[in-house]
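First up is the structure itself, then whatever we jot down about it.
Chains as they are written, first to last, in the working numbering: chain S, 1 to 287; chain X, 1001 to 1436.
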């Protein structure tokens, strides 16, 4: 574990307490996580495993009961540390009375973006999340998907080095999700770092290279996501041909000492079907 | 690398957010309510004459505007952060690179500014309502600033000494209307043994090497301040002036305490005077917003609003608390004195004295009551008095609110605002935004 890590948790422990200070629920029990620069890291786990608590400690919204958390080597309570972070919360609860442009302007100001750059940056981000036509719409008038896209623009407004995403694609239709995931990949391609939690493991596979699996507040497994997902001793092929090819393939596999465990017609996922149906020929999606 | 702007930029961003948030709550309609109050007060306030009606209406109108503005300072400030926390917007706000001090101070600034804007709007609308309701500038006398001209020490006008001369410099603008407006607060001294309900005296103005102005007969009722408008067309504002009070006859002699004679200065527009009074109220609005903001960092919406309203009731009723505390301490002192006397004069006499004392002043107070009274007085010593901010009495009396009052109000309010901001910062710094 490196001290130069963008995100560092050492023995991070969090026990929630009630109004009288009595311990109620141990959310984290000494987790160690390090995220290096340029890495995309996923925190995975079922509900109540401690993912959101970890993110909130890293954003200074919660204080750890024990252990320490560091962002760029600084405590998360330091605004200077958070200035390098963009945060997409699980629910995009922005101020409903502001317009999209005003929301971005507010967060640009909070991130210290100079006055002269704010308008251009807001316009650029609204275009990137395809909300340029809704710049003057108030947040409470937006659909759920539009709010998620605006929240992502808010997360990106400070040109962050680290993007922290809590369930980033929850509640999005596959068209919007594809676009959002593309933005995350672009962030990593540009050298940014990504820390993401999600229940939608298919989405994580597309953007995260390393992951930690949390269970009851401890890290159950951690490592390269591709390695962890590999099924030892099994290979996967997709063969062009009809059912008549099954016997030939099985014979060929048996000749080298293997065994066909499963075969059948290749099917697209229901999301691919959705994308195939609704994606316009020019590559854009209907809004 | 993200450039990090200086703290005030973020504080101003939070302040603007709070102004927009309060504005989104559609509190602007209160300005229309203020217009209605002004109109209604002008139409239906009773009074013996136009001046009395105007005075009563002005008190009602300014009091209503002040109350509305205080509520506008208190309620949005007490609810903004709890609503953000409940709605989730606090996560984005507090995860941004902004210190929690800036969040608290920006909130106070935003809510204070918004309440001040509402106050100015309400005062303007209420004065307009008065104008439309028939109690406008033409129907009332312009408020004027009054300058104390004397006497330097208590002086009497009696049969033995029937004249009192007060020399003074004419204040700027005093002769704007060709008359000099003078306010006198004479105390009555009965010299003749007869019981007259009213009496009169004469007042004259004179300047060196100029003929005296015509004297004016001023009727007065013992114990009540009187106002006289003296002809002053022949006066030169650059020359020293002498005001002579003369009591030719009657049963009542006059005694003027020090500084009990005042002369009016330049007239001021009623609206301008009301706005100056409103400006004096602005530090109180910031104080209320800061207190409400501090409460909101710890409590949810209902508790924060309740705490703030309770604090406001205590603040406005501080005189009652102070009087009650002093009364308890006075009773305690009397009781102590009676017990001391018991030791000095013998058990029996002292018990009798104590019994009499109790009969007059009630039973002994408990140690708890004394402690509470002392504590209350200690706390109240640090609380600025309400009338530093509330200049409604001057508005009602048709007096110009001195611009120095604004500075005094600011100085009185600033420590409290700073204290509440620091308290709110301390509480918010410890606050955790717990997942639902």
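C-beta: ideal position from N, C-alpha, C; glycine also.
Contact between the segment 61-74 of chain S and the segment 209-223 of chain S is not established, with fewer than three Cβ pairs separated by less than 8 Å. Non-local beta-carbon contacts of residue 1253 of chain X in its own chain, meaning distances under 8 Å to residues more than five positions away in sequence, involve 1156, 1157, 1158, 1159, 1188, 1189, 1190, 1191 and 1247 in chain order. Counting only unbroken stretches of 4 or more residues, no alpha helix (DSSP H) element lies wholly within the segment 1052-1086 of chain X. 7 Å or more divides the Cβ of residue 1027 of chain X from the Cβ of residue 1070 of chain X. A contact between stretches requires three or more CB pairs, one per stretch, nearer than 8 Å, and the segment 192-201 of chain S meets this requirement with the segment 160-175 of chain S. Assignment of residue 237 of chain S by DSSP, reduced to helix, strand and coil, places it in the coil class. Here residue 1203 of chain X carries a strand assignment [DSSP, helix/strand/coil].
DSSP places residue 1272 of chain X inside the alpha helix (DSSP H), whose first and last residues are 1270-1296.
Residue burial is scored here from C-beta neighbours: residue 1257 of chain X has fewer than 16 other C-beta atoms within 10 angstroms and is therefore classed as exposed. Pairwise C-beta distances place the segment 1396-1405 of chain X out of contact with the segment 25-33 of chain S, as fewer than three of them are shorter than 8 Å. Secondary structure within the segment 178-243 of chain S: the beta strand (DSSP E) runs of 3 or more consecutive residues, fully enclosed, are 193-197, 210-215 and 218-224 (chain order). Following the DSSP letters along the chain, one finds residue 51 of chain S inside the alpha helix (DSSP H) bounded by residues 51-58. Around residue 1022 of chain X, the same chain offers 1076 and 1114 as residues with beta carbons nearer than 6 Å, after the five sequence neighbours per side are excluded. About 7 Å separates the beta carbons of residue 94 of chain S and residue 154 of chain S, which is inside the 8 Å limit, making them a contact pair. Around the beta carbon of residue 1058 of chain X, 16 or more other beta carbons sit within 10 angstroms, so the residue counts as buried.
Under the three-state reduction of DSSP output, residue 166 of chain S falls in the strand class.
The closest CA to that of residue 211 of chain S, considering only S/41, S/88, S/265 and S/248, is found on S/41.
Residues of the segment 75-104 of chain S with a Cβ closer than 7 Å to any Cβ of chain X, in chain order: 79, 80, 82, 83, 84, 87, 89, 91, 93, 94, 95, 97 and 98.
Between residue 1105 of chain X and chain S, the shortest Cβ-Cβ separation is not below 7 Å.
If you look at residue 1246 of chain X, you'll find it in the beta strand (DSSP E) that goes 1241-1246. From the listed residues X/1167, X/1227, X/1321 and X/1271, the smallest Cα separation to residue 1150 of chain X is found for X/1167. Proximity of chain X to residue 60 of chain S at the Cβ level (cut-off 8 Å) is accounted for by 1094 and 1095, in chain order. Of all residues in the segment 1393-1414 of chain X, none places a beta-carbon less than 7 Å from a beta-carbon of chain S. Contacts with chain X at 7 Å (Cβ-Cβ) include residue 106 of chain S. Assigned with DSSP and collapsed to three states, residue 143 of chain S falls in coil, not helix or strand. In the DSSP annotation of this structure, the continuous segment of the beta strand (DSSP E) that includes residue 1165 of chain X starts and ends at 1163-1168. Considering only X/1255, X/1236 and X/1210, the residue with the shortest C-alpha distance to residue 1224 of chain X is X/1255.
Rounded to the nearest angstrom, the gap between the Cα atoms of residue 1121 of chain X and residue 1039 of chain X is 15 Å. Following the DSSP letters along the chain, one finds residue 1029 of chain X in no alpha helix (DSSP H), marked with neither H nor E.
For residue 1123 of chain X, no CB of chain S lies under 7 Å from its own CB, so it is not counted at the interface with that chain. The three-state reading of DSSP puts residue 1364 of chain X in coil, since its state is none of H, G, I, E or B. Excluding the 5 residues flanking it on each side, residue 88 of chain S has same chain C-beta neighbours closer than 6 Å at 151, 152, 155, 165 and 168, in chain order.
Between the C-alpha atoms of residue 1165 of chain X and residue 1204 of chain X there is a straight-line separation of about 9 Å.
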